[in-house]
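Residue numbers (this note's numbering): -5 to 249.
From the three backbone atoms N, C-alpha and C, an ideal C-beta is built for every residue, glycine too.
These numbers were taken from a predicted model, which means no experiment stands behind them.
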Ligand SMILES: [Fe+2]
């Protein structure tokens, strides 16, 4: 498997605080069946700023450490970019790392409690620059939970979405899991990723998540998600399912 979202680089964000912990995480990734991973430290999220050249250097250093420790994981530099007022300036200054060498896709994070009012315009502006945003873990965002039609609109207009493996298997509780399932059931996501951190309760469950995806959606969908992760790293076209709006239950709030 290929993991397009994880926080394995040591000391850059809340992912891992030391090289030892990063290597431990990498070993867990390999044990879970991951061969290639995008290093996606937080960027511009109000707490962490990780400029493109620093992430590139840290990724190269980490690859050396992985090779020295004989851990068979290939790593690539990227970022998990928080939507923010300075994002377009950073993009135009070349300080945003995409998921691929051709500037095709970028990981875009929303604040967990809301979808800011300017999001629609900003996603449009990002797309105008030829970059397709991949919205990370929409299932963990309260704004999308309250208004799932907003996620549908973004996907329908060309954005992509990544569901986190641990959300899908239930690590963050039933509400998040139910929303993750609805997102996948309605063709609104094209990727599963680990979003691994060195934290309790954040074990690698990509193998379990893909097994669940096969059970619930069939091998074809699981293969599509699998291929899409590789395509995101290579800048190749992503295969989409036909997006459908999420229907809310009539008599009770579901999430
Ligand atoms: Fe993340």
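Residue i: CB within 8 Å of a non-hydrogen atom of ligand 1
i, result
"residue 208", "no"
"residue 130", "yes"
"residue 34", "yes"
"residue -1", "yes"
"residue 140", "no"
"residue 48", "no"
"residue 107", "no"
CA-to-CA distance, residue j to residue i, given in whole angstroms
i, j, result
"residue 114", "residue 64", "45 Å"
"residue 184", "residue 11", "31 Å"
"residue 67", "residue 179", "31 Å"
"residue 134", "residue 87", "30 Å"
"residue 127", "residue 234", "14 Å"
"residue 216", "residue 7", "31 Å"
"residue 1", "residue 192", "8 Å"
"residue 35", "residue 49", "8 Å"
Boundaries (first-last residue) of the beta strand (DSSP E) holding residue i
i, result
"residue 126", "126 to 130"
"residue 185", "185 to 187"
"residue 75", "74 to 76"
"residue 33", "30 to 33"
Span of the alpha helix (DSSP H), counted from its first residue to its last, around residue i
i, result
"residue 155", "Premise fails: residue 155 lies in the beta strand (DSSP E), 154 to 158, not in any alpha helix (DSSP H)."
"residue 99", "Element bounds for residue 99: not the alpha helix (DSSP H) but the beta strand (DSSP E), 99 to 103."
"residue 219", "213 to 228"
Open item on the list: So, does the stretch 100 to 117 touch the stretch 201 to 211, judging by three or more C-beta pairs under 8 Å?
Closed with: no
Open item on the list: Any residue with its Cβ nearer than 5 Å to a heavy atom of ligand 1 should be included. What is that list in chain order?
Closed with: 74 and 189
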